[in-house]
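*Asks:* The numbers in our numbering rise by one with no breaks, and the one at position 547 of the first sequence is 1461.
C-beta: ideal position from N, C-alpha, C; glycine also.
The structure displayed is predicted, hence computed values, not measured ones.
Would you mind keeping the following structure in view while I ask a few things?
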Amino acid sequence: IYQSDYIINWSPLLQSAISDAEVEHKEVNGFFYHILYQVKGSDQKLEVATTRPETLFGDTAVAVNPKDDRYKHLIGKMAIIPLCNREVPIIGDEHVDLEMGTGCLKVTPGHDFNDFEIGKRHNLPIVNILNKDGTLNDIAMEFKGLLSKKAREKVATKLEELGLLKDKKPHKNQVGHCSRTDAVIEPMVSKQWFMNTEKMAQDSVTDVETGKMTFFPKGWENTYFSYQRNSRPWCISRQLWWGHQIPVFTCEKCGHVQSEVETPANCSKCKHPVMKQDPDVLDTWFSSGLWALSTLGWPDPKAMEDKGFKKFFHTNTLITGHDIIFFWVARMMMMTRYAVNDVPFDHTYIHAIVRDKNGVKMSKSLGNVIDPLDIIQQYGTDAMRFTLAASSGYNRDINLAPEKIEGYRNFINKLWNAFRFIHPMLDKAQNELPAKDKLTHHDRWILSELNTVAKKMNESMDIYRFDDACSEIYSFTYDKYCSWYIELSKNIFQGTNEAEIVQRATVLKYVLKKMLALLHPFTPFITEEIWEQVKTSQEDLLIVQEYPEFDAKLEFNDDQLKMNKFIDTIVNVRNLRQGVNLKPKDEVTVQVFTDDKVMQTYYHENKENFDRLAKVTNLIIKNKSEDRPKKCVTNASSHTEVYLQLEGLIDLNEQIKRIEKELGKAKLDYENILKRLANQNFINNAPKEVVDELKGKEVEFKEKVTSLEIAIKNFH
RNA sequence: GGGCGUUUAGCUCAGCUGGUAGAGCGCUACCCUUACAAGGUAGAUGUCGGGGGUUCGAGCCCCUCAACGCCCACCA
């Protein structure tokens, strides 16, 4: 850290220096002014192009490119600045672009970043023409007191009167604005504190390159790198009230400068008792950059001990927005590595930024701000929270639409209703699951599904895919637990088999509790509320329960497979019923044909459920070798054909058309598979699993096509 | 000027190391079936921005064009 005269971004409104990163460049319509500078001892006039004629009072040279044949003979001569008639040297500098403007550049080291660099190369004096409030000072003669924008026009007019304004044409240029006040930035030279970040920035790049700190999503490391690979001295002093005052003290008497944590009692050199602290404060990002350290008491050993530095440093994850990767993440990385030779955290998760439903950034002036408190009032905190989580993956933006929140509000409502339904039965539930061999097929199915979900959710959250985690638990709750497991519990609870009832209540409760735990991070309120009513007296709040994980003991793949086939078939029957406009209440006779022995047994065992779920009477189960009934509506999956007997109630032609459409689709799929399998190149090049999988599909689709063909034949 | 990102069903978005497209909402039809109409059951919908290339095979890889968005940059 050092103090130096340097050109900095001066915010005239804040009356403070600001960092490069706090400057926003905006395109502004301005003019290119061509001004004539007299060459001393000659009639020749140099045509200088500038966007800021008012700064000519601060000119200390005129520069041309040494390769420029038009001007190179003038290098070494003097030019006379118009209006103030000061003499400045004509210099040659490679920076001057032959193509740009007139190829002739006025050099104002005090108020232009480039010119400052040129000035350093040529040892030019610096002339400051501005006051701290951005108005011109005494040097600007009659223009003093004017803001630069106003002075620009006046100077141009004056030059025009004197015949020294050769040209003025419209020009768009990028002008720096203060990100806080939107004021136009005035580059100015002043004494400021700087930090040399070169080595630190390099180290911070290495830490990410070598994986000591990882970005999620990974793409953001590019943004980080692009900042850190182009590091420049960082101006860390601010002339503001709020902030950490710079801990540097100057002796009032001898001018000795020393840096201390506390105000020193006297000067370490001359022992004078009055030491004055630097009035500037540190850039807020300098202080924030120390966050990982200062929150844990660093550098005071006692405070570090008290705050558990040893235990808590470094942390796992920093969660932040992409707009402060440079401001904050990079600074923490640099300072932490410098101070304690470590990274501040393992991961940085860059979350999305919430926008309105049209993707426009929310702002008060646009009036498109969605107030979380309003949303909570309308849809509830859980709905809002779940919506945000479900929208957060590796995306950059979240377009927050009320309809989306409403959808998840409905989901939470669904959960509540499910609980309401099973609530009366829960008293009968036991706290431990029944022994493995006592579990019914449906119990094993739901437990295995639960297990799958727990596994996927953990995996998703490990990599910050909250959207995937949410969609997993959403569809489990909705499609597995509510739609099937609860439905399949109804006849048990309506029955009289007490042991069965107890077991079902037990599993329902067990799964519910796990489900609540899985959901808890996303919908903490409703889950805690329900938990309160299902927990044992020994159990504490849900928020302190272990998060459910995959449990190998409760994995039942066979049951999952069977149940899924069963669901297929039920859906097929329902589909047929609706296809012929059967009323939901109407009962119907169904025959199923399958050669899958396991499923045959399964249908037998689940006859009662089949009947209830598909409103069927007389379920008949047969082999495919047996004759199909005539004039029935039918549907076929890859494993089971379904026939609905509807004697004379339906339009046969319509049914034939429907099946033909289905057959057309199945044939297309089948032919596609055959074509691919016939391709020798595919067989030779594709991995074995892919080929085998396709061969399996070939058999399935062949069976389906055959089934549908038989079905059509049976109509005639 | 440079860089990054986006472009997939009407809308908002998923799609892992290339194996032949998914969800939610919306829409259509039928249902007040005793947890839930903020619900149930079923259904329709895609030249995966355009063009070219690599590959047995491309939403995914390469080239190119276009539109939109963001960030960076001292070009007078």
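Let me know the secondary structure DSSP gives Leu1038 once reduced to three states.
*Replies:* Of the three classes helix, strand and coil, the one that applies to Leu1038 here is coil, per DSSP.
*Asks:* Using only CA atoms, which one of Lys1086, Asn1495, Ala1528 and Glu1540 lies nearest to Glu1568?
*Replies:* It is Asn1495 whose Cα lies nearest to the Cα of Glu1568.
*Asks:* Drop a sphere of 10 angstroms on the beta-carbon of Glu1555, count the other beta-carbons inside from all chains shown, and report buried for 16 or more, exposed for fewer.
*Replies:* By the neighbour-count rule (16 or more Cβ atoms within 10 Å), Glu1555 is buried.
*Asks:* Give the range of the alpha helix (DSSP H) segment to which His1355 is assigned.
*Replies:* Note, His1355: alpha helix (DSSP H), His1355 to Asp1376.
*Asks:* Got a sec? Which residues, its chain only, sit under 6 angstroms from Ala1383 by beta carbon, not counting five neighbours each side?
*Replies:* Met1371, Ser1374 and Met1375.
*Asks:* Is the distance from the Cβ of Ala1550 to the Cβ of Lys1618 below 7 angstroms?
*Replies:* Yes, these two residues count as a Cβ contact at 7 angstroms.
*Asks:* With a threshold of 16 other CB atoms inside 10 Å of the CB of Met1014, please say whether the residue is buried or exposed.
*Replies:* Exposed, because fewer than 16 other Cβ atoms sit within 10 Å of the Cβ of Met1014.
*Asks:* Within a Cβ cutoff of 8 angstroms, which residues of the same chain sit near Glu1612, ignoring the five residues on either side of it in sequence?
*Replies:* Excluding residues within five positions, the ones whose Cβ falls inside 8 angstroms are Tyr1584, Ile1587, Leu1588 and Leu1591.
*Asks:* I need the boundaries of the alpha helix (DSSP H) containing Gln1492, first residue and last residue.
*Replies:* Run containing Gln1492: Asn1471 to Gly1493, per the alpha helix (DSSP H) assignment.
*Asks:* Can you check which of these residues, Ile1570, Gly1493 and Asp1296, is closest to His1434 by C-alpha distance?
*Replies:* Answer by Cα proximity: Asp1296.
*Asks:* Are the CB atoms of Thr1437 and Val1456 within a distance shorter than 7 angstroms?
*Replies:* The sequence shown places Leu at residue 1456, not Val. Cβ distance not < 7 angstroms, so Leu1456 and Thr1437 don't count as in contact.
*Asks:* Rounded to a whole number of angstroms, what is the C-alpha to C-alpha distance between Leu1566 and Ser1385?
*Replies:* When rounded, the distance between both Cα atoms is 42 angstroms.
*Asks:* Which residue wins for smallest C-alpha separation from Tyr920, given the options Val1103, Lys991, Leu1079 and Gln1088?
*Replies:* It is Val1103.
*Asks:* What beta strand (DSSP E) runs, 3 residues minimum, are completely inside the region 1494 to 1528?
*Replies:* Qualifying beta strand (DSSP E) stretches, in chain order: 1502 to 1507.
*Asks:* May I have the straight-line CA-CA distance separating Asp1121 from Arg966, to the nearest angstrom?
*Replies:* Using only the alpha carbons, I get a separation of about 43 angstroms.
*Asks:* Going by beta-carbon coordinates alone, are Ile994 and Lys954 separated by less than 7 angstroms?
*Replies:* Yes, Cβ-Cβ distance for Ile994 and Lys954 is below 7 angstroms.
*Asks:* What would DSSP say about Asp1381, mapped onto helix, strand or coil?
*Replies:* Here Asp1381 sits in helix by DSSP.
*Asks:* Which residues share a DSSP beta bridge with Cys1149?
*Replies:* Per DSSP, Phe1108.
*Asks:* Threshold first: 3 residues or longer. Then list the beta strand (DSSP E) segments lying entirely within the region 1113 to 1192, N to C.
*Replies:* Counting whole runs of 3 or more residues, the region 1113 to 1192 contains the beta strand (DSSP E) stretches 1128 to 1130, 1162 to 1165, 1171 to 1173 and 1189 to 1191.
*Asks:* Can you name the start and end residues of the alpha helix (DSSP H) that Glu938 belongs to?
*Replies:* Careful: Glu938 lies outside any alpha helix (DSSP H), inside the beta strand (DSSP E) at Val937 to Val953.
*Asks:* Using CA atoms only, rank isn't needed, just tell me which of Asp1285, Gly1006, Lys1126 and Glu1001 is closest to His987.
*Replies:* The option with the nearest alpha carbon to His987 is Gly1006.
*Asks:* Enumerate in chain order the residues of its own chain whose CB-to-CB distance from Glu968 is below 6 angstroms, with the five nearest sequence positions on each side excluded.
*Replies:* Around Glu968: Ser1062, Ala1065, Arg1066 and Val1069.
*Asks:* In angstroms with no decimal places, state the Cα-to-Cα distance between Ala1077 and Pro996.
*Replies:* It should be noted that the sequence gives Gly, not Ala, for residue 1077. Their backbone Cα atoms lie some 11 angstroms apart in a straight line.
*Asks:* Hey, out of Leu970, Ala1253 and Phe1390, whose CA is closest to Asn999's CA?
*Replies:* Ranking Leu970, Ala1253 and Phe1390 by Cα distance to Asn999 puts Leu970 first.
*Asks:* Looking at the structure shown, is Phe1259 part of a helix, part of a strand, or coil, going by DSSP?
*Replies:* Strand at Phe1259.
*Asks:* Which full runs of the beta strand (DSSP E) of 3+ residues lie inside the region 1003 to 1072, going along the chain?
*Replies:* You should have 1018 to 1021.
*Asks:* Output yes or no for whether 7 angstroms exceeds the beta carbon distance between Val1010 and Asn1042.
*Replies:* Not a contact, by the Cβ cut-off of 7 angstroms.
*Asks:* Can you name, in chain order, every residue of its own chain whose Cβ lies under 7 angstroms from the Cβ of Glu1320, other than the five neighbours on each side?
*Replies:* The answer, listed in chain order, is Tyr1293.
*Asks:* Which residue marks the beginning of the beta strand (DSSP E) containing Met992, and which one marks its end?
*Replies:* From DSSP, the beta strand (DSSP E) with Met992 extends over Met992 to Ile994.
*Asks:* Is Pro1084 near the ligand FMN, in the sense that its beta carbon is under 6 angstroms from a heavy atom of that ligand?
*Replies:* This structure lacks the ligand FMN; in fact it carries no ligand of any kind.
*Asks:* Check for me: the beta strand (DSSP E) holding Ala977 runs from which residue to which?
*Replies:* That run of the beta strand (DSSP E) goes Ala975 to Val978.
*Asks:* Excluding sequence positions up to five away, which residues of its chain have a Cβ less than 7 angstroms from the Cβ of Met1246?
*Replies:* Only Gly1203, Trp1205, Ala1206 and Pro1258 meet the Cβ criterion.
*Asks:* Please identify the residue among Asp1197, Met1055, Glu941 and Lys1521 whose C-alpha is closest to the C-alpha of Asn1405.
*Replies:* Of Asp1197, Met1055, Glu941 and Lys1521, the residue nearest in Cα terms is Lys1521.
*Asks:* May I have a chain-ordered list of the alpha helix (DSSP H) segments no shorter than 4 residues that lie completely inside the region 1220 to 1254?
*Replies:* Qualifying alpha helix (DSSP H) stretches, in chain order: 1223 to 1226 and 1245 to 1254.
*Asks:* Evaluate the contact criterion for the region 1399 to 1416 versus the region 1268 to 1282: three or more CB pairs, one atom per stretch, below 8 angstroms.
*Replies:* Taking 8 angstroms as the limit for Cβ pairs, the verdict is that the region 1268 to 1282 does not touch the region 1399 to 1416.
*Asks:* With a threshold of 7 angstroms on Cβ separation, who are the neighbours of Pro1003 within its own chain once the five nearest residues in sequence on each side are excluded?
*Replies:* Once the five neighbours on either side are set aside, the close Cβ partners of Pro1003 are Ala975 and Met992.
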